[in-house]
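For the sequence shown, position 358 (counting from the first letter as 1) is numbered 360 according to the working numbering, and the numbering increases by one without interruption.
The structure under discussion appears below in the form of structure tokens.
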Amino acid sequence: MATPPKPEADPWSVIEMINQSPPVDCSKPYDATTLAGKTILITGGASGFGAAFARHWASHGAHLIIGDVNDAAGESLVAELRASAKPDQVLIYQHCDVTSWPDQLALFKSARRASPTGSIDGVVAGAGIVERGDPLNASATNAVFDLPHNLDSDSAPPPPLGVLAVNLTGVMYTAHLALYHLPRNKRGADRHLLLISSIAGLFPLPGQTEYTASKHAVMGLFRALRGTAWTKGVRVNVLAPYFVDTPLLPKAGLALLAGAAKAELEDVVDAATRTMADAEVRGRALVVGPKMRVLDGGEGRIRTVEGDMKRDGERKQAVWDVYGDDYERVEAFMWRYLSVLNVMTGVQGWIGFVKDIFGICFGARREQ
Ligand SMILES: NC(=O)c1ccc[n+]([C@@H]2O[C@H](COP(=O)([O-])OP(=O)(O)OC[C@H]3O[C@@H](n4cnc5c(N)ncnc54)[C@H](O)[C@@H]3O)[C@@H](O)[C@H]2O)c1
């Protein structure tokens, strides 16, 4: 039988341009045994997602360095993991406030020092917080971004930006350090940075303004990094989980969600494990939502099943590749558009640049 012709490379596909892997088929199994012997650093690993990743990955023989501000929870988690770990398995908890650059520098150094190979294979930027104030209650003690008060005074305080400090500055510190330390892993070994955004990175959560801004920013970080990190052999992926019942969610938030479907911690662990274990997943964003009943609809399409009747071939799915097709072309367009603009700027030269700046400042327009 004649071999079918190889499909022509799509010049508009960012997949080829940035070595991004094709959309992840989350219905396919993956091999978690590849985690054995990997050294993985997790920030915010004392609770919730991070602790669940640590439990699962330690059970597969991974070496773990966990940083968090909740020392009691972190120490007790590591004691629990040690009880069933192999004697040579590295399991360390170290105090690390992700908003502190020295803390993060020290955490990465400790990971390299403790790692049996002297290097780090995986990093999870997991630490995160939400706004705790009430977005509808304007009072002097309720520090919420959306409700400024008493700003007439010259000594009025700046807005509360603590969520940005943890969820954005902290994550940027972690990513920056990961981009330094992961490439120091030996050639051919895995080098993976997993970012944790949220469903709030894809659409807004009113009342969680800073949180929404921070998680959109993490999506931006992911999209920018996946275009460059691969040149150093670093895979970058991101999770965007829907609401999961962890200590992160304020009680009021949980009350609002009462009765509504939530995502399950086990599905977040599954999605994170797939990205960490499968070196073929590169530059992908996975949404983790409530489990849905789905059927293969033919031609690679999946349709959801409703109603009480069970259909032949139906299965449950919670994890979805979110940027399967859409942003790839947008990003490819922007890359090309900017490179065209750069060429134009180059042709105009410095004189054109100075004239434009002069025009912007003093209202003069440069002749076209
Ligand atoms: N639970 C959800 O519904 C949900 C949904 C989407 C995304 N997320 C994201 O997942 C990540 C983990 O959240 P979680 O649900 O496991 O919450 P969690 O509160 O259980 O865990 C967050 C951890 O981060 C730690 N942390 C907080 N501030 C820190 C700091 N300055 N330095 C170091 N560690 C710090 C906390 O002590 C805690 O252990 C967060 O980034 C969160 O935004 C959670």
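Where a beta carbon is used, it is the ideal one built from N, C-alpha and C, also for glycine.
Query                                                                                                                                                                             : Result
Tell me which residue opens and which closes the alpha helix (DSSP H) that G291 is part of.                                                                                       : No alpha helix (DSSP H) holds G291; the beta strand (DSSP E) holding it covers A287 to G300.
Let me know the secondary structure DSSP gives G120 once reduced to three states.                                                                                                 : coil
Does any heavy atom of ligand 1 sit closer than 8 angstroms to the C-beta of P243?                                                                                                : yes
May I ask you to report which of helix, strand or coil DSSP gives I67?                                                                                                            : strand
For K234, which of helix, strand or coil comes out of DSSP?                                                                                                                       : helix
So is the beta-carbon of I131 under 8 angstroms away from any non-hydrogen atom of ligand 1?                                                                                      : yes
Quick check: the Cα distance between A320 and D192, rounded to an integer number of angstroms?                                                                                    : 26 angstroms
Please report how far the alpha carbon of A129 lies from the alpha carbon of N169, in whole angstroms.                                                                            : 7 angstroms
To the nearest angstrom, report how far apart W103 and H218 are at their CA atoms.                                                                                                : 22 angstroms
Could you name each continuous alpha helix (DSSP H) segment of 4 residues or more that falls completely within the segment 180-205, going from the start of the chain to the end? : none
Would you kindly work out how many angstroms separate the C-alpha atoms of R368 and I20, rounded to a whole number?                                                               : Bear in mind that a pLDDT of 42 at R368, under 50, signals an unreliable position, so the model cannot answer this.
For a test of your reading of the model: does the CB of F51 fall under 8 angstroms from any non-hydrogen atom of ligand 1? Yes or no.                                             : yes
Over the uninterrupted beta strand (DSSP E) stretch that includes A140, give me the two end residues.                                                                             : Note, A140: premise wrong, no beta strand (DSSP E); not H, not E.
Determine the burial state of Y182: buried for a count of at least 16 other Cβ atoms within 10 Å of its Cβ, exposed for fewer.                                                    : exposed
Within 10 Å of its beta-carbon, does D280 have 16 or more other beta-carbons around it, so buried, or fewer, so exposed?                                                          : buried
Restricting to Cα atoms, I'd like to know which of E268, L251, G52 and H65 is closest to L374.                                                                                    : Not covered by the structure: residue 374. The range shown for the chain is 3 to 370.
Would you call the segment 140-158 in contact with the segment 62-81, where contact means no fewer than 3 C-beta pairs closer than 8 angstroms?                                   : no
Rounded to the nearest angstrom, what separates P1 and G172 at their Cα positions?                                                                                                : In the structure displayed, the chain extends from 3 to 370; residue 1 sits before or after that span and is not available.
From S61 to R276, what distance separates their C-alpha atoms?                                                                                                                    : 15 angstroms
In whole angstroms, what separates the C-alpha of R286 from that of D323?                                                                                                         : 7 angstroms
Who are the near neighbours of A64 in its chain, counting only those whose CB is closer than 6 angstroms to its CB and skipping five residues on each side?                       : L37, K40 and I42
Compute the distance between the beta-carbons of I68 and A48, then report whether it is under 9 angstroms.                                                                        : yes
Does the Cβ-Cβ distance between R383 and E282 come in under 9 angstroms?                                                                                                          : The first residue shown for the chain is 3 and the last is 370, placing residue 383 beyond what the model contains.
With respect to the beta strand (DSSP E) encompassing D154, which residues constitute its N-terminal and C-terminal limits?                                                       : Segment: none, D154 is in no beta strand (DSSP E) and carries neither H nor E.
What are the partner residues of Q96, as DSSP defines its beta bridges?                                                                                                           : G69
Can you tell me whether L250 sits near ligand 1, meaning its C-beta is under 8 angstroms from at least one heavy atom of the ligand?                                              : yes
Report the rounded CA-to-CA distance for W59 versus V307, giving the unit in angstroms.                                                                                           : 33 angstroms
For my contact list, L197 and V240 are in at a C-beta cut-off of 8 angstroms; report their separation, rounded to the angstrom.                                                   : 4 angstroms
From T211 to L204, what does the alpha carbon distance come to, in whole angstroms?                                                                                               : 13 angstroms
Is K293 close to ligand 1? I mean its beta-carbon at under 8 angstroms from any heavy atom of the ligand.                                                                         : no
What do you reckon, are the CB atoms on V125 and I17 nearer than 9 angstroms?                                                                                                     : no
Exposed or buried, L138, counting other C-beta atoms within 10 Å across all chains shown (16 or more means buried)?                                                               : exposed
With hydrogens ignored, establish whether the beta-carbon of S112 is closer than 8 angstroms to any heavy atom of ligand 1.                                                       : no
Leaving out five residues before and five after G229 in sequence, what residues of the same chain have Cβ atoms less than 6 angstroms from its Cβ?                                : I20
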